[in-house]
Amino acid sequence: MPKNASTGRHYSGINILILWGAVVEHGFPGQSWLTFRQALSLGGNVRKGARGTTVVYADRFTPEGEKRRARESGEDAQAIPFLKRFTVFNAAQCEGLPEDVTVNAPPPPQEMIEPQVEALIRASGIDFRIAGDRAFYVPALDYVQVPPPQAYFEPINWHRTALHELGHATGHSSRVGRDLTGGFGTKKYAFEELVALSGQSAPCLTHH
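Our numbering numbers the first residue of the sequence shown as 16 and each following residue consecutively.
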């Protein structure tokens, strides 16, 4: 998961996808990020010419005037949403940082990841079948089917496929209720594939 190397806090929401995409696009070796000032405060600096990645912070605040109005009227105070933008740099774009910031922790072993994913599949409560030579979800009958794990070169790829199809199953009318009628090549189909990819990627990010 992308995290701030100075505070140790993990990024959330859309920032996960933004920073994940930046790592893929630029080939960064890790998911540690810093603002320009944070790099300086840690005794390092951002390399000259390095281009940062924009992340966002969303929150709400209540002006003092609105708090006063609410007290006088007895009504609830109305908070105002706001959005801030920040530029962050990957630790690989910096120089002179402490070693504990630049060293990337190795991912957990595969044998630790797979039981967690299998537990997630069971917890979904979705009719999950292992058979055949294709992976798919059937909305009309509300079940997922994937080939047996032996059909995949690596076990982790079976888990990715299973999570992808479970992502489609969240669209059933008894769950989120998405429109699953889009045929191949349509915008509806493309949107649904993005949803399933998100369902496949998020657990991989949080368990890897």
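For each residue, glycine too, the CB sits at the ideal point set by N, CA and C.
Taking the Cα of residue 29 as reference, the smallest distance to any Cα among 145, 183, 16 is reached at 16. With a contact defined as Cβ atoms closer than 8 Å, residue 202 and residue 196 miss out at about 12 Å.
In the structure shown, the three-state DSSP call for residue 185 is coil.
Residues of the same chain with a CB within less than 6 Å of the CB of residue 43, apart from the 5 flanking positions on each side, are 105, 107 in chain order. In this structure the stretch 171–178 lies against the stretch 130–139, because at least three pairs of beta carbons, one per stretch, are closer than 8 Å. For the options 97, 205, 210, 200, the alpha carbon positioned closest to that of residue 191 is the one of 210.
Per DSSP, residue 203 has no beta bridge partner at all. Under DSSP, residue 46 shares a beta bridge with no residue.
Where residue 83 is concerned, there is no enclosing beta strand (DSSP E), although the alpha helix (DSSP H) around it starts and stops at 79–88. Residue 75 sits in a strand when the DSSP states are folded into three classes. Under the three-state reduction of DSSP, residue 98 is assigned to strand.
A check of alpha carbon separations from residue 34 across 83, 48, 198, 21 identifies 48 as the nearest. For residue 142, the closest alpha carbon among the candidates 149, 194, 181 is that of 181. 57 is the residue among 67, 57, 82, 32 whose C-alpha sits nearest the C-alpha of residue 111. For residue 153, the enclosing beta strand (DSSP E) has its first and last residue at 151–153. Taking 7 Å as the cut-off, the Cβ atoms of residue 103 and residue 68 count as close. For residue 161, the enclosing beta strand (DSSP E) starts and ends at 158–161.
Rounded to whole angstroms, the gap between the alpha carbons of residue 72 and residue 79 is 22 Å. As computed with DSSP, residue 60 is found in a beta bridge with 110. Residue environment for residue 87: exposed (fewer than 16 other C-beta atoms within 10 angstroms of its C-beta). In terms of Cβ geometry, residue 70 and residue 101 form a close pair [threshold 7 Å]. Bridge partners of residue 145 according to DSSP: 161.
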